[in-house]
Amino acid sequence: MTAVVLIIVQVLVALAVTPLLLGVMRQVRSRLESRVGAGVLQPYRDVAKLLRKQPLRAQGSSPILVYAPLVLLVSSLMIVALVPLITTSSLVTIPSDLFVVVSLLLVGTVAMAVLGLDGGTAFGGMGSSRHMMIAALVEPTVLMSVYALSVPVGSSTLSTIVAARGLDPARVVTPAGLLAVVALVIVVLAETGRLPVDNPSTHLELTMVHEAMILESAGRDLAWLEVGSWLRLTALLGLVVNLALPWGVAADASPLMLVLGVVALVVKLLAAGAIVAAAEVFMAKLRLFRVPELLAGSFVLAFLAVTASYLAG
Amino acid sequence: MRWLSLLGVIRRTGRIAEPAPPRPAPDPSVVVPDALRGSVQVRHVDAGSCNGCEIEVGAAFGPVYDVERYGARLVASPRHADVLAVTGVVTHNMVEPLVRTVEATPEPRLVVAIGDCARNCGMFAGGYGVAGSVSDIVDVDLEVPGCPPRPEAIVAALRQVTGR
Chain G
6 MTAVVLIIVQ VLVALAVTPL LLGVMRQVRS RLESRVGAGV LQPYRDVAKL LRKQPLRAQG
66 SSPILVYAPL VLLVSSLMIV ALVPLITTSS LVTIPSDLFV VVSLLLVGTV AMAVLGLDGG
126 TAFGGMGSSR HMMIAALVEP TVLMSVYALS VPVGSSTLST IVAARGLDPA RVVTPAGLLA
186 VVALVIVVLA ETGRLPVDNP STHLELTMVH EAMILESAGR DLAWLEVGSW LRLTALLGLV
246 VNLALPWGVA ADASPLMLVL GVVALVVKLL AAGAIVAAAE VFMAKLRLFR VPELLAGSFV
306 LAFLAVTASY LAG
Chain Y
540 MRWLSLLGVI RRTGRIAEPA PPRPAPDPSV VVPDALRGSV QVRHVDAGSC NGCEIEVGAA
600 FGPVYDVERY GARLVASPRH ADVLAVTGVV THNMVEPLVR TVEATPEPRL VVAIGDCARN
660 CGMFAGGYGV AGSVSDIVDV DLEVPGCPPR PEAIVAALRQ VTGR
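These protein sequence lines map, in sequence, to chains G and Y. When you read off a place in the first sequence, starting at 1, and then add 5, the result is the number in the numbering used here. When you read off a place in the second sequence, starting at 1, and then add 539, the result is the number in the numbering used here.
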């Protein structure tokens with residue numbers, strides 16, 4: 006029962022902090038571009054506005070245009086509920102298993118790819134095929150790198166891994182741990198459509214990946230798509246920071262631990278977001294044909310991490 | 540070490556955005572839907588412009604005038620847009636694309652005619668390729684005079700909409 010309450014709190018906190026994370030990332034980028042920036046609260050205003058607009062759907066499009074954004078949103082909410090963000094206690098019947106989380110990621114990815122095809126535009130289909138190519142290269146690395154972290158713990162449950170790393174800080178700086186976290190960072194950036202794989206603020210249809218798939222969505226549909234893909238960023242970035250810095254994650258349901266968990270998550274998440282946004286200023290988007298090289302590199306790192314975790318324990 | 544020199548450039552440049560002018564007085568003739576307050580996505584439509592207005596629109600969204608600080612942002616699709624910024628006279632070839640772009644924009648939406656050509660055909664009035672001004676083809680909610688209008692004027696018009 007307490008696990009259910011904790012997970013509800015975790016989802017609500019994630020929903021509340023996600024627009025702020027995007028706002029901070031955009032604001033850091035604006036400041037480094039010598040701009041003033043729209044303020045960290047702009048994503049809240051954007052979503053509120055989109056929810057009040059009439060959704061307009063293309064002639065001849067199927068109900069996929071209505072349901073795919075909802076599938077993405079629900080899958081993202083489930084990922085947020087399962088990944089250990091503020092608490093390491095998980096449901097007994099649905100553990101935060103590595104394979105469950107990766108499958109949920111794929112459900113959202115496929116929903117988005119189908120949505121891109123449904124609009125019937127050339128750019129949507131192009132975005133879908135690119136998105137699936139990146140997903141096919143990303144998922145094995147996610148599995149391998151978290152698997153490397155799960156070997157010393159003896160469990161593929163994410164919350165158990167985070168809890169074990171928190172209890173034994175020596176685990177965090179093992180070669181296997183470091184390699185796996187670096188590989189995870191690269192694939193998280195690719196999966197959430199950040200530079201250098203995809204540019205979230207591009208206006209050029211030919212270079213789009215994520216943006217190209219949502220070109221045909223408007224109003225409420227677009228709001229669900231935005232919130233759904235932002236929540237994926239929160240969940241994956243939160244997972245990475247909790248694996249890299251596994252301190253402050255609530256181990257039990259006492260109110261004090263819970264408050265500490267929320268504060269620690271918000272601080273770690275916003276700091277990680279600011280670092281990612283600052284690093285993006287120094288990067289150009291990779292040519293699409295170079296993306297597999299980057300992702301293959303991250304797979305090699307993950308593979309080395311698995312090897313090292315067996316050899317060095 | 541290229542990123543170090545880039546960091547030096549960023550530090551030396553500092554903030555180049557102009558100080559924000561006071562918020563323009565609300566124009567009673569412009570009815571802005573409540574939903575658009577604080578956040579406006581702009582889709583730019585070139586209906587047959589000489590590209591003078593495009594340069595000024597680009598400047599308004601650039602780092603110096605930085606209209607993004609008031610909550611306006613350029614987007615790539617009319618489906619994502621709240622405001623259509625139309626520049627130039629409407630040529631015969633652009634009549635249908637313009638009408639269809641307006642239809643593809645979800646309600647509530649506003650159409651802003653930017654520049655003298657968009658308002659009254661300017662110096663191209665009576666040309667054989669010209670179908671008319673923007674208000675001859677679609678309903679216009681807001682006009683920005685000038686040939687080309689200064690970026691400050693474009694920023695002021697968009698601030699009328701965002702109210703910030």
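We put the CB at the ideal spot given by N, CA and C, even for glycine. Since the model is a prediction, treat every value here as computed from it, not as a measurement.
Cβ neighbour criterion (16 or more within 10 Å) applied to residue i
i          : result
Glu-216(G) : buried
Phe-104(G) : exposed
His-136(G) : buried
Ile-139(G) : buried
Pro-636(Y) : exposed
His-619(Y) : buried
Thr-325(G) : Outside the modelled stretch of chain G, which goes from 6 to 318, sits residue 325(G), for which no answer is possible.
Glu-595(Y) : buried
Ser-206(G) : exposed
Glu-298(G) : exposed
Glu-221(G) : buried
Tyr-667(Y) : exposed
Arg-292(G) : exposed
Gln-699(Y) : buried
Gly-665(Y) : exposed
Tyr-604(Y) : buried
Arg-315(G) : Per the sequence shown, residue 315(G) should be read as Tyr rather than Arg. Exposed, since its Cβ has fewer than 16 Cβ neighbours within 10 Å.
For residue i, the three-state DSSP class (helix, strand or coil)
i          : result
Arg-576(Y) : coil
Thr-23(G)  : helix
Asp-675(Y) : helix
Thr-162(G) : strand
Arg-608(Y) : helix
Ala-255(G) : strand
Leu-250(G) : coil
Met-6(G)   : coil
Gly-124(G) : coil
Ser-133(G) : helix
Gly-113(G) : helix
Ile-555(Y) : coil
Asp-173(G) : coil
Cys-592(Y) : helix
Ala-223(G) : coil
Ser-234(G) : helix
Pro-560(Y) : coil
Gly-587(Y) : coil
Arg-703(Y) : coil
Gly-601(Y) : coil
Val-694(Y) : helix
Pro-565(Y) : coil
Thr-179(G) : coil
Val-119(G) : helix
Val-147(G) : helix
Val-571(Y) : coil
Alpha-carbon spacing of residue i relative to residue j, whole angstroms
i          : j          : result
Gly-125(G) : Ser-259(G) : 52 Å
Gln-15(G)  : Gly-587(Y) : 52 Å
Ala-289(G) : Ala-185(G) : 25 Å
Pro-68(G)  : Asp-123(G) : 9 Å
Ala-8(G)   : Leu-17(G)  : 14 Å
Arg-639(Y) : Val-584(Y) : 11 Å
Val-286(G) : Gln-32(G)  : 12 Å
Leu-300(G) : Gly-198(G) : 13 Å
Met-662(Y) : Cys-656(Y) : 7 Å
Tyr-152(G) : Ala-168(G) : 15 Å
Phe-294(G) : Cys-589(Y) : 37 Å
Arg-57(G)  : Gly-224(G) : 7 Å
Val-622(Y) : Arg-648(Y) : 6 Å
Beta-bridge partners of residue i, as assigned by DSSP
i          : result
Ile-99(G)  : Ile-99(G) pairs with nothing; no bridge assigned.
Arg-689(Y) : Paired residues: none, contrary to the question.
Arg-582(Y) : Leu-623(Y)
Val-669(Y) : Thr-630(Y)
Val-683(Y) : Ile-653(Y)
Leu-613(Y) : Val-581(Y)
Residue i beta carbon near the ligand MN (any heavy atom closer than 7 Å)
i          : result
Gly-577(Y) : The ligand MN is absent from the structure shown, which contains no ligand whatsoever.
What are the complete alpha helix (DSSP H) segments, minimum 4 residues, inside the segment 257-315 of chain G? Uninterrupted alpha helix (DSSP H) stretches at least 4 residues long and entirely within the segment 257-315 of chain G occur at 260-286, given in chain order.
Quick check on the DSSP output: what are the complete beta strand (DSSP E) runs of length 3 or more inside the segment 621-667 of chain Y, in order along the chain? You should have 622-626 and 649-653.
Secondary structure, alpha helix (DSSP H): runs of 4+ residues fully inside the segment 197-221 of chain G: Correct list: 215-218.
As an exercise, report each continuous alpha helix (DSSP H) stretch of at least 4 residues that is fully enclosed by the segment 26-94 of chain G, in chain order. Taken in chain order, the complete alpha helix (DSSP H) segments of 4 or more residues contained in the segment 26-94 of chain G are 47-56 and 69-87.
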